[in-house]
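Heads up: the structure comes next, in structure tokens.
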Amino acid sequence: MNEAVRNPAKPTNGPNNGPIIEIENLSISFFTRKGEIPAVMDFSCTVMPGEAMGIVGESGCGKSTVSLGIMRDLSNIGKIVG
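Right, dumping it as structure tokens:
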């Protein structure tokens, strides 16, 4: 096994010791001629250095919408509303 995998570097007490991503109350809606359709409501997560996060769920539950929202790549299909 690779040495880096067996003994990962320990985080230091420095300015980069905070979260690598932090999302609080992300809400995304789609807008149609008939009005607003909420797709994701109040999604929150924090990922610290050395951690991994996966988004899992049933088909249609909002995994891709959350991922696109995090990347701010909703184009014209949706809007971050919160």
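If you use this note's numbering, the sequence shown corresponds to residues 11 to 92, in order. Just so it is clear, CB atoms sit at the ideal spot from N, CA and C, and this is done for glycine as well.
Query	Result
Could you have a look at V57 and say whether DSSP puts it in helix, strand or coil?	strand
Suppose you measure from the CA of I33 to the CA of G79; what does that come to, to the nearest Å?	10 Å
Step through the CB atoms of chain D and report whether any lies within less than 8 Å of the CB of F53.	The structure shown contains no chain D; it holds only a single protein chain.
Comparing alpha-carbon positions, which option in P29, I31 and P48 lies nearest N87?	The residue asked about is misnamed: residue 87 is Ile in this sequence, not Asn. If we check each option's Cα against that of I87, P48 comes out closest.
Are the beta-carbon atoms belonging to S39 and K89 less than 8 Å from one another?	yes
Are the CB atoms of V66 and I30 within a distance shorter than 8 Å?	no
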